[in-house]
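Take the sequence shown: its letters are residues 11 to 347, numbered as in our numbering.
Beta carbons: idealized from backbone N, C-alpha and C, even for Gly.
These notes are about the structure you will find just below.
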Amino acid sequence: MILVTGGAGFIGTHACVELMQAGYEVVVVDNLVNSHEKSLDRVAMITGKRPLFFKVDVCDEKALNQVFDQCDIEGVIHFAGLKAVGESVQKPLEYYQNNLDADFVLCKVMKAHGVKNLVFSSSATVYSGDNEMPLNESSKTGNCTNPYGWTKYMGEQIFKGLCVADPELSIVLLRYFNPVGAHESGLIGEDPQGIPNNLMPYVSQVAIGKRDHLTVFGDDYDTPDGTGVRDYIHVVDLAKAHVLAVRYAAEHKGCEIFNIGTGNGSSVLDMVHAFEKASGKKVPYVVGPRRAGDLATVYAGTEKARKELGFVAQYDLERMCADSWRWQSMNPNGFEN
Ligand code: NAD
Ligand code: UFG
């Protein structure tokens, strides 16, 4: 059985679907601080089975121990964490405490139960801003611009250190680029609370009429159209990478890092145009100033993931936008009603 922490969230629900469809039994632990339990009913509608669920805070050692006592856990995927970059600047203590405590407690409880295999949600945000593109796994890390990024950077250091201390451990650190899209069923997808921080959920809320217009954060970057370039990856591709990582962890020992992206960069305006095409709706925008901390261009080197993990992203921008739009238009208020 695979334990999925944060399994009720955006990426977690998609990972549950892919794991279950690959034949794994899944148990989800989530405190629902940024998700709805209903998302797991939707997972059940897709897979025919609801994952076992415990509403537990990963930082609660006693409660997490009880989950491990009750379930025969062979490996863990650790998604649980707070992820809003701007909020982390306002509430650094909450971010350090929640994200790092979750890492510590999870590792302690895994150790107590002899569980050796872990896949961790890291981020391209751990890369330093002064690298050449594409980023590869040995590009420079650090110089994070916000507490959220530091929690991922520190998480990586903790997991690397644990693997040095215990050669029987197997930890896969996945550095995600920009996950977007939704399951093709339209039943699960990203359900941001309040004003979306990220481009794609913002664009889809403009398309559905919830927000007037998008603000493009700067059009004077050194990129083909002047707007920021990122490596957007379909969340279902990303979820599939987790199934490969779980298998990889079962067969290899030590700590291994993989970028999970497509290797392609798309600009903000590329995304706006692709979304307009997929939805048939206009996405009005205005150009505003640059957002602090943003880089001009970020995209992944994908060779290592292809060669060693066997991962190649399948879905293109058109599909990412079509699936986002299906989710958005079938669920204008997310999981709420
Ligand atoms: P999400 O907020 O939808 O999912 C995270 C889940 O963790 C939520 O369901 C939340 O309720 C839960 N959670 C948070 N703290 C918890 C705790 N202490 N105990 C139990 N549950 C807790 O976010 P997501 O987009 O699905 O991201 C999943 C992981 O991937 C996160 O660690 C995030 O930092 C990382 N990541 C996300 C992105 C992205 O752009 N979405 C990019 C890089 C990395
Ligand atoms: N953007 C806008 N307007 C918006 C939102 C975003 O123009 O309203 C632009 C940004 O300036 C950037 C691009 O759209 O050029 C993408 O921005 P996102 O906020 O969607 O994504 P980021 O690349 O800034 O960061 C995201 C996550 C991080 C994660 C990183 C991994 O928020 O947590 O991807 O690469 F670490």
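Next on the checklist: Could you give the first and the last residue of the continuous beta strand (DSSP E) run that contains Val36?
Outcome noted: 36 to 40
Item to check | Local conformation of Pro102 per DSSP, three classes | outcome: helix
Next on the checklist: Please list the terminal residues of the continuous beta strand (DSSP E) segment that includes Asn141.
Outcome noted: First-last for Asn141: undefined, no H or E at that position.
Next on the checklist: Spatial neighbours of Gly228 within its chain, please: C-beta separation below 6 Å, excluding the five flanking residues on both sides.
Outcome noted: Arg300
Checklist entry - Measuring from the CB of Cys69, is there a heavy atom of the ligand NAD at a distance below 7 Å? => result yes
Next on the checklist: Three or more C-beta pairs under 8 Å: does that hold for the stretch 147 to 155 against the stretch 106 to 120?
Outcome noted: no
Next on the checklist: Can you tell me where the beta strand (DSSP E) holding Glu346 begins and where it ends?
Outcome noted: Note, Glu346: premise wrong, no beta strand (DSSP E); not H, not E.
Checklist entry - Less than 8 Å separating the beta-carbons of Gly17 and Val38? => result yes
Checklist entry - How many Å lie between Val196 and Arg60 at the Cα? => result The identity of residue 196 in the sequence shown is Gly, whereas the question assumes Val. Going by the C-alpha atoms only, they are around 17 Å apart.
Item to check | Inter-residue spacing [alpha-carbon to alpha-carbon] between Glu97 and Ala32 | outcome: 36 Å
Checklist entry - Roughly how far, in whole angstroms, is the beta-carbon of Val129 from the beta-carbon of Ala260, given that I think they are within contact range, below 8 Å? => result Not a contact, Cβ separation roughly 11 Å.
Checklist entry - Between which two residues does the alpha helix (DSSP H) carrying Lys170 extend? => result 157 to 175
Item to check | Among Tyr158, Cys173, Gly124, Leu319, nearest to Val256 - alpha-carbon criterion | outcome: Leu319
Item to check | Residue nearest to Glu346 in terms of C-alpha spacing, selected from Met210, Lys287, Asn44 | outcome: Asn44
Checklist entry - Can you tell me whether DSSP reads Ser277 as helix, strand or coil? => result strand
Checklist entry - From Tyr242 to Gly91, what distance separates their C-alpha atoms? => result 21 Å
Next on the checklist: Measuring only from the beta carbon, is Leu42 closer than 7 Å to any heavy atom that is part of the ligand NAD?
Outcome noted: yes
Next on the checklist: Please list the terminal residues of the continuous beta strand (DSSP E) segment that includes Tyr242.
Outcome noted: 242 to 244
Checklist entry - What residues in its chain sit with their C-beta under 8 Å from that of Gln215, if we drop five residues either side in the sequence? => result Pro206, Arg221, Gln338
Checklist entry - Beta-carbon separation of Phe20 and Glu200 under 8 Å? => result yes
Checklist entry - With distances taken from each beta carbon to the nearest heavy atom of the ligand UFG, which residues come in below 6 Å, in chain order? => result Lys93, Val95, Ser133, Ala134, Thr135, Phe187, Asn188, Asn207, Asn208, Leu209, Tyr212, Leu224, Thr225, Val226, Phe227, Gly238, Arg240, Val278, Arg301, Asp304, Val308
Next on the checklist: So, for Gly191: in the same chain, excluding its five sequence neighbours on each side, which residues have a beta-carbon less than 6 Å away from its beta-carbon?
Outcome noted: His244, Val245, Met330, Asp333, Ser334
Next on the checklist: Could you give the first and the last residue of the continuous alpha helix (DSSP H) run that contains Phe20?
Outcome noted: 20 to 31
Next on the checklist: What I want to know is whether the C-beta of Thr151 ends up closer than 7 Å to one or more non-hydrogen atoms of the ligand NAD.
Outcome noted: no
Next on the checklist: On the criterion of 16 or more Cβ atoms from any shown chain inside 10 Å, does Gly219 qualify as buried, or is it exposed?
Outcome noted: exposed
Next on the checklist: Just to confirm, is the Cβ distance from Glu35 to Val253 under 8 Å?
Outcome noted: no
Checklist entry - How is His262 classed by DSSP in three states: helix, strand or coil? => result coil
Next on the checklist: Classify Gly165: buried if its beta carbon has 16 or more other beta carbons within 10 angstroms, exposed otherwise.
Outcome noted: buried
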